[in-house]
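Have a look at the structure below, then the notes.
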Ligand SMILES: Nc1ncnc2c1ncn2[C@@H]1O[C@H](COP(=O)(O)OP(=O)(O)OP(=O)(O)O)[C@@H](O)[C@H]1O
Ligand SMILES: [Mg+2]
C-alpha cells in the first residue's frame, strides 16, 4: 500500500503528539503523587497513624485470614449476582405485563421494588439475619452467610429490576409492532426482540451495580459471617492494630478495579454504538 | 365472484376525540394491487396498521379471506401470520443479522426448520441483489438495502396479503428506483398488495386500482387512468393539482 508524502508527514505529527501527551501525563502524575505523599507524611499525627494503620508486619500476619474471608465474599458475590440477575429480569417482566389478570402480580412487583429500594441495606440485613431465624419456622436456614446473601438478593434485585425495566421501556414501540406484525406473540416478542435489545443497553448500568454489590458483600460481616471484613476485625481485636482493615479494604479495591474498567469499556462501547446510528 | 382477500367494512379509528378513519370500505381481490393515495395525515398508515390489527378498531370490520379477523374473539396473531407489512421506517431488528431478521417469523411462528428457512431467505436475498449481505447487521446497510431486507422479511413466510407503507419515503431518489422495481416485480408475479405511496407516477404504473383517502374517508376509487386522468371529485382534483405543481407526477 503506497502512502502519500502528505499522509506520512501527518502520521509522524500524530505520533509525536501522542508521545508528548504520554510524557505530560507521566510527569503530572508523578508531581501529584509526590505532593500527596509529602502532605500526608508531614502531618503531625503521621507516625502514630503509620504504626496503627500501615504496619507491614501486622499486615503480613493478617493476610491469610483476610484472604480466607475474601474467598467467602467472592462465593457470596457470584451466587448472589447470578440469583439477582434471574430474579430481577423476572420482576421487570412482571412490571411490564399488561392486562387485568396480571394486576395483583404487577402491584406486588411494584410494592416490592419500592420497599426494598427504600430500606437501607443494613436494616434489611438485620431484619433478615436476626428476625427471620427468630420466627423459628421450619425450613428457614440459620446460617448467617445464607441469610446475608438473602438480604443482599432482596435489596439488589429491586435495583437491578428497575435497571432492566428502564431498558425494556427504552426499546422503541415500533420494534414491538414489527415483531407482532410477523405473528409473534407477546412472550416471543419479549424474549426474541425486546429483551435482547434491552439487556444490551443496560449492560454498563448492570456492571456498575455489580461493582457496588462486590463491596456490599462485605456487609454480611455484621451478621457474624466470617468474611474478609470480619476476619480483619478479629485480627484487629487480637493485635489492637487497625492494619488488617486496610488490608481488607485494599483487597476489595483490587477486586473492584477490573469490574470498574469493564463497566467503563461497556459504557464506551454503548455510547459508540449510539453515536454510529 | 370469489371472496376478496381483504375486505374492510365501515372502519372507524379515533385517537382521543379525533377521528382519523371515518367509515372506510375497501376490497382487495386476489392478485390485485391497490394503491392508497392522499395528503399527509389523511390516514393511510393508520388504515394499514388497522388492517394488520396493530390498532384496536373503534368500529367496523377487517375481513381476511371471508373471516372477520377484527372480532375480539379471533386470534390476531393467526391473522397476522397471513399478512406481511413493511413499515415506513423499516423497523428491522438491530440486534439480528439480515438473515436472522428474515428467518425469524418462519422459524419462530411457522415452525420451518432453520435450514429450510435460511434457504428461502437466501433465495429472496439474491433476488434482491443482497446475497452478499446475509451476515451483516442492519446498521451496516444503506437505506435502500434496509428497505429491501424489510420487504424480504415480510415475504419470507409467503403471506396472502402484502401491506406496504410508503416503502420509498425514507430513501434517496436514487434508491427509490431499486425498491420500486422490486415492488413492480412482486406485482407481476401475482402478489396481492395494498400499499400507500406518494409516488404518483409509480402508482399509475403498478396499480390495478387507486383509492384516494381524504380526512379519513375514501372519497374516490377507480383504475389509475380514471383517477389520475379524469378525477370525479373536487378534492381529488385539488390534491392532484398540488402534486403536479410540486413536480411529482
Ligand atoms: N398514535 C397516534 N396517536 C394520536 N394520533 C395519531 C396517532 N397515529 C396517527 N395519528 C394521527 O392520525 C392521522 C393520520 O395519520 P397517518 O399516519 O395515518 O397519516 P398518513 O396518511 O399515513 O400520513 P403520511 O402521508 O404523512 O404518512 C394524523 O393526523 C396523525 O396525527
Ligand atoms: Mg404514513
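Residue numbers (this note's numbering), protein chains in the order written: chain A, -17 to 259; chain B, 47 to 295.
Each residue gets a CB set at the ideal place from its N, CA and C atoms; glycine is no exception.
Bear in mind the structure is a predicted one, so any value in this text is a computation, not a measurement.
At a cut-off of 7 Å between C-beta atoms, residue 179 of chain B does not count as an interface residue with respect to chain A.
Residue pairing by DSSP puts residue 258 of chain B in a beta bridge opposite B:83 and B:266. Inter-residue distance for residue 50 of chain B and residue 175 of chain B is about 33 Å (C-alpha atoms, whole angstroms). In its chain, beyond the 5 residues on either side, 250 have a beta carbon closer than 6 Å to the beta carbon of residue 274 of chain B. Taking CB atoms only, residue 131 of chain B has a neighbour in chain A less than 7 Å away. Per DSSP, residue 217 of chain B has no beta bridge partner at all. 135, 136, 137, 138, 139, 140, 141, 142, 150, 151, 154, 155 and 156: these are the residues of the segment 135 to 164 of chain B whose beta carbon lies less than 9 Å from some beta carbon of chain A, given in chain order. The Cβ of residue 254 of chain B sits no closer than 7 Å to any Cβ of chain A. Placement of the Cβ of residue 88 of chain B at a distance of 6 Å or more from every heavy atom of ligand 2 is found.
A Cβ-Cβ separation of about 6 Å places residue 241 of chain A in contact with residue 196 of chain A under the 8 Å criterion. Boundaries of the alpha helix (DSSP H) around residue 16 of chain A: -13 to 23. At least one CB atom of chain A sits nearer than 7 Å to the CB of residue 126 of chain B.
Residue 170 of chain B does not reach chain A, its nearest Cβ partner there being about 15 Å away, counting only Cβ pairs nearer than 8 Å. Put simply, the segment 210 to 221 of chain B does not touch the segment 162 to 170 of chain B. Fewer than three CB pairs are less than 8 Å apart. Listed in chain order, the alpha helix (DSSP H) runs fully inside the segment 87 to 133 of chain B are 90 to 97 and 122 to 126, counting runs of at least 4 residues. Taking 9 Å as the Cβ-Cβ cut-off, the segment 176 to 192 of chain A approaches chain B at 178, 179 and 182, given in chain order. For residue 247 of chain B, the three-state secondary structure derived from DSSP is helix. Looking from the CA of residue 129 of chain A, the closest CA among A:-8, A:215, A:229 and A:202 belongs to A:202. The continuous alpha helix (DSSP H) containing residue 138 of chain A extends over residues 126 to 152. Measuring C-alpha to C-alpha distances from residue 175 of chain A to each of A:187, A:184 and A:162 identifies A:162 as the nearest.
The beta carbon of residue 10 of chain A sits no closer than 6 Å to any heavy atom of ligand 1.
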